[in-house]
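Undergrad: Quick note: to get the numbering used here, add 230 to the position in the sequence shown (first position is 1).
Think of the CB as a built atom: it goes at the ideal place given N, C-alpha and C, for glycine as much as any other residue.
Bear in mind that the values here come from a model prediction, so they are computed numbers and not experimental data.
One structure coming up, written as structure tokens, with questions to follow.
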Amino acid sequence: GLVAVFLLVRATGFRQGPDGDVPLSRLVTDFGELVLQSFVAAYVTLLAFGVIDLDDSLSTVVRLGLVQVVPFGFGAALANRLLTEMDTPIEEEAFPHNLVVFTIGAVFVTFPLAPTDEIVLVASIAGWPRLAALVVLSVAVVHLVLHELEFRGHSDRVEDRRHLFQLGNAVMAYAVGAVVGAVLLFGVGQFEGRSLPELVQMVIVVSFPGATGASAGEVVL
């Protein structure tokens, strides 16, 4: 799996030179950074969802990290390719038009996840403190995608925008992801026979990918 990620990094090129060539030393450095970032992202996500705990054995933690590092690496490499290489600037839509973009992105990511049993399982084992942290993490990820990471249209999204406005935009994207997640969960019958606390837990879990998709929609569309 890591070999495939290395080949993808070589094909996409994180830091190409003026002539498009990437020195081998730079390629190895990029690959190492990508793997390290993927491990960090994987463990943060696994901890946030309660899949791993600080009491788990080292071998279990390492195995789960190795399983996740390949898809995270693929995602990072593809995101670098798709979201940063285009020179055409994207004009940011103002409220309420950006709600449509947020909704499209949230539906695209959440739709295949809503019917799965994993949403119910993660919601049942996470616990309220971890779910509260997941809400904060979700808003932070949205803020990073929209206002910190230099994806397409970054300069337009942060130009003359105060931090409070940026935070409000991130919260709005999260709210869209939560509403979309709740509607899809209801639509596929995941709410049937469950108590209100269980419903809230499920919505919080599905809001993380939904909010990430909403912010990605603002970058891509």
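(1) If you count every other CB in all the chains shown that lies within 10 Å of the CB of F325, and 16 or more means buried, which is it?
(2) Using only alpha-carbon positions, find the residue among F269, A363, F395 and A362 that is nearest to L376.
(3) Using the beta-carbon count (16 or more within 10 Å), is E348 buried or exposed?
(4) With F269 and F236 assumed to form a contact (beta carbons below 8 angstroms), what rounded beta-carbon distance in angstroms separates them?
(5) Hey, would you say A200 sits closer than 9 angstroms to L415, going by beta carbons?
(6) I need the straight-line Cα distance from P439 to V433, nearest angstrom please.
(7) Report the option in V366, E428, V413 and R360 whose CA atom is closest to the CA atom of I282.
(8) Go ahead and label E448 buried or exposed: buried means 16 or more other beta carbons lie within 10 angstroms of its beta carbon, across all protein chains shown.
(9) Can you look up R293 in the DSSP assignment and give me helix, strand or coil?
(10) Sorted by chain position, which residues of the same chain lie with C-beta nearer than 8 angstroms to A441's C-beta, five sequence neighbours on each side aside?
(11) Under a Cβ-count criterion, where at least 16 other Cβ atoms within 10 Å of its own Cβ denotes burial, should S425 be classed as buried or exposed?
TA: Considering the structure as presented:
(1) The pLDDT assigned to F325 is 48, lower than 50, so where the model puts this residue is not dependable, and the model offers no usable value.
(2) F395
(3) exposed
(4) A Cβ-Cβ separation of about 15 angstroms leaves F269 out of contact with F236 under the 8 angstroms criterion.
(5) What the structure shows of the chain is the stretch from 231 to 451, and residue 200 is not part of that stretch, so it cannot be assessed.
(6) 11 angstroms
(7) R360
(8) buried
(9) helix
(10) A336, S368, V369, V371, V372, A403, Y404, V406, G407 and A408
(11) exposed
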